[in-house]
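In this text, residue positions in the sequence shown follow the numbering used here: the first is 4, and each later residue adds one.
All C-beta atoms in this analysis are idealised placements derived from N, C-alpha and C, irrespective of residue type, glycine included.
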Amino acid sequence: MDTSRFPNWTRQEDEQLRLMAANGRSKQDVAQELGRTINAVAARAVATRVRFRSRRHPNDQKPVFRRRCLRCRNLFDVESRFRFVCDLCHALDEWRSADLG
Ligand SMILES: [Zn+2]
């Protein structure tokens, strides 16, 4: 594959760049699809004012669970699926057990 030379972007390529960006695809996806480098895609995106969504990798997003605290019955958000009491009650529990111990 010859990647040292890049022909001018065609209208179709520009359109594809625009569509893929709009669909939340990454620069890497577009680069692969069009057989160009990511840098070339990035430069073209700037030149044609195409915006890529800054997208976090799905694995980076921790799921957040909304639970009702088993002690105070307040709703709270927690990232761990193994927590069943809110931060306040959790802290109280730790304080109590430390006090008893
Ligand atoms: Zn609580």
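- Extent of the continuous alpha helix (DSSP H) run through Leu73: Mapped onto the sequence shown, residue 73 falls at position 70. Note, Leu73: premise wrong, no alpha helix (DSSP H); not H, not E.
- Indicate the three-state DSSP secondary structure (helix, strand or coil) for Val81 in the structure shown. The residue you call residue 81 lines up with position 78 of the sequence shown. In this structure, Val81 counts as strand in the three-state DSSP scheme.
- Task: Pick out whichever of Val88, Val53, Glu36 has its Cα sitting closest to the Cα of Phe68.
- Result: On the sequence shown, position 65 is the one that residue 68 refers to. Phe68 has its Cα closest to that of Val88, out of Val88, Val53, Glu36.
- Message: Suppose the cutoff is 6 angstroms on Cβ atoms and the five residues either side in sequence are ignored; what does the same chain contact list for Leu37 look like?
- Response: Working through the sequence shown from its first residue, we reach residue 37 at position 34. Cβ neighbours of Leu37 beyond the five flanking positions: Glu16.
- Query: Where does Arg56 sit, in a helix, a strand or coil, going by DSSP?
  - Reply: Taking the sequence shown and counting its residues from 1, the one referred to as residue 56 is at position 53. Here Arg56 sits in coil by DSSP.
- Between the Cα of Leu20 and the Cα atoms of Asp90, Thr51, Ala94, which residue gives the shortest distance? As a position in the sequence shown, residue 20 is number 17, starting the count at 1. Of Asp90, Thr51, Ala94, the residue nearest in Cα terms is Thr51.
- Message: Please identify the residue among Thr40, Leu22, His93 whose C-alpha is closest to the C-alpha of Pro10.
- Response: Along the sequence shown, one-based indexing puts residue 10 at 7. Considering only alpha carbons, the answer is Thr40.
- Item | Residues that Arg69 bridges to, as DSSP identifies them | Within the sequence shown, residue 69 is the residue found at index 66, counting from 1. In DSSP, Arg69 forms a bridge with Asp80.
- Query: Are the beta-carbon atoms of Ala48 and Ala25 separated by less than 8 angstroms?
  - Reply: Taking the first residue of the sequence shown as position 1, residue 48 is located at position 45. Taking the first residue of the sequence shown as position 1, residue 25 is located at position 22. No, they are not a contact pair.
- Taking Cβ positions, are Leu122 and Arg71 nearer each other than 8 angstroms? Because the chain spans 4 through 104 in this model, residue 122 falls outside it and cannot be assessed.
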